[in-house]
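*Asks:* Sharing a structure below in structure tokens format, with a few things to ask.
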Amino acid sequence: MMDSLQFLTPWVSTVPPVMPSAMVLRWVQPLFWGVVLAFLAAQVVARRPVQARRTAMVAAFAWAFIPGPWSPTWWLGLAFQLPSWTTVLLCVGFVLARWRRVTAAESHRPGLGWLGWTAILFGLFLLLDMFILLPFALYRWGFSALALATLLAVATAVWVSAGGALQRREASVALIAMALFVLTRLPTGNVFDALLDPWLWLVLVFQAARQVVAAVKSRF
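Numbering (my numbering), first residue to last: 2 to 221.
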């Protein structure tokens with residue numbers, strides 16, 4: 002019994018956590034937020050001609066690399082540190098779609114799949130953990146190897162058994178995000194931060210609410 006517990010110790014240990022390099026963080030902060038700003042710019046000018054969209058996206062991305070408080074990256078980094086890998090990957094996908102002359106009207110929003118709803122529920126638990134309303138430290142578990150292995154197993158199982166393109170797309174984004182996390186330990190060394198951040202969670206909640214309202218309206 003004791004041998005089994007000793008075998009599990011490295012998997013559940015959260016001390017010391019493996020953190021990203023300070024040099025990597027210095028360059029990644031404007032890069033990550035630049036991608037998010039480019040996405041927001043694309044949303045603002047979504048119905049404008051393609052050249053206007055491209056100009057806005059490039060300008061927003063370049064603005065993120067201006068040093069000091071003149072850049073929004075300075076303030077975003079102070080307030081929110083870094084977005085998750087999932088957010089960055091999703092924003093890259095939207096930016097590429099807008100760059101390829103796809104307008105907002107042509108974009109397809111398939112809604113949330115199984116992993117999307119799971120992320121909303123898990124984000125709620127993380128919120129409860131932040132206010133110390135859980136009997137255990139859920140967020141701290143995200144620094145352990147067991148948490149990463151469990152999430153990889155779940156995402157892989159969803160990808161293999163996916164019954165549609167939406168589920169496979171969600172699982173693919175999660176797997177890529179975790180692979181990038183393993184390589185870089187970004188953004189914080191915690192796998193939960195690599196998959197979900199507060200703003201992404203709010204967007205998922207908003208999208209879920211729209212999906213529920215649309216489903217209710219369709220019944221009447």
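Beta carbons: idealized from backbone N, C-alpha and C, even for Gly.
Because the structure is a prediction, the values reported are computed rather than measured.
If you follow the alpha helix (DSSP H) that P136 is part of, which residue opens it and which one closes it?
*Replies:* Note, P136: premise wrong, no alpha helix (DSSP H); not H, not E.
*Asks:* Below 7 Å between beta carbons: does that hold for V46 and R55?
*Replies:* Cβ atoms of V46 and R55: not closer than 7 Å.
*Asks:* Taking the continuous alpha helix (DSSP H) assigned at T151, which residues delimit it?
*Replies:* That run of the alpha helix (DSSP H) goes A146 to V161.
*Asks:* Go through its chain and collect everything with a Cβ distance to W118's Cβ below 8 Å, but skip five positions before and after it.
*Replies:* Correct list, in chain order: A209.
*Asks:* Would you mind sorting W76 into buried or exposed? The rule is 16 or more other CB atoms within 10 Å of its CB.
*Replies:* Label assigned to W76: exposed.
*Asks:* How far does the alpha helix (DSSP H) with M179 in it extend, from its first residue to its last?
*Replies:* From DSSP, the alpha helix (DSSP H) with M179 extends over A166 to T185.
*Asks:* Express the C-alpha separation of G190 and F123 in angstroms, rounding to a whole number.
*Replies:* In a straight line, the C-alpha of F123 is about 18 Å away from that of G190.
*Asks:* Short of 6 Å in beta carbon distance, which residues of its chain neighbour A106, apart from the five on each side in sequence? Order them along the chain.
*Replies:* Because the pLDDT at A106 is just 49, under 50, the model does not fix this residue reliably, and the value given afterwards should be weighed accordingly. Result list for A106: empty, nothing under 6 Å.
*Asks:* Cα-Cα, which of V96, L90 and A215 is closest to D198?
*Replies:* Ranking V96, L90 and A215 by Cα distance to D198 puts L90 first.
*Asks:* Which class does A106 belong to by DSSP, given the choice of helix, strand or coil?
*Replies:* At A106, the pLDDT of 49 sits below 50, so the modelled position is not reliable; the number obtained from the coordinates is stated separately. Residue state, collapsed to three classes: coil.
*Asks:* Out of curiosity, what's the CA-to-CA distance linking W71 and L201?
*Replies:* Cα-Cα distance, rounded: 25 Å.
*Asks:* Tell me the rounded alpha-carbon separation between R211 and P17.
*Replies:* Their backbone Cα atoms lie some 42 Å apart in a straight line.
*Asks:* Helix, strand or coil for A42 per DSSP?
*Replies:* Helix, per DSSP.
*Asks:* Are the beta-carbon atoms belonging to H43 and V96 less than 7 Å from one another?
*Replies:* Before going further, note that residue 43 is Ala rather than His in the sequence given. Yes; because the gap between Cβ atoms is below 7 Å, this pair is in contact.
*Asks:* Below 8 Å on the Cβ atoms is my contact criterion, and I expect Q168 with G114 to pass it. Report the Cβ-Cβ distance as a whole number of Å.
*Replies:* With a Cβ gap of about 5 Å, Q168 and G114 count as contacting.
*Asks:* Could you pull the start and end residues of the alpha helix (DSSP H) that P199 belongs to?
*Replies:* It spans P199 to S219 - the alpha helix (DSSP H) in which P199 sits, taken as one unbroken run.
*Asks:* Using the Cα positions of V217 and G78, report the straight-line distance between them to the nearest angstrom.
*Replies:* Answer to the nearest angstrom: the Cα atoms are 39 Å apart.
*Asks:* Return the first residue and the last residue of the alpha helix (DSSP H) that P73 is part of.
*Replies:* Run containing P73: P73 to F81, per the alpha helix (DSSP H) assignment.
*Asks:* Evaluate F193 with the Cβ neighbour count: other Cβ atoms within 10 Å of its Cβ, from every protein chain shown; 16 or more gives buried, anything less gives exposed.
*Replies:* Classification for F193: buried.
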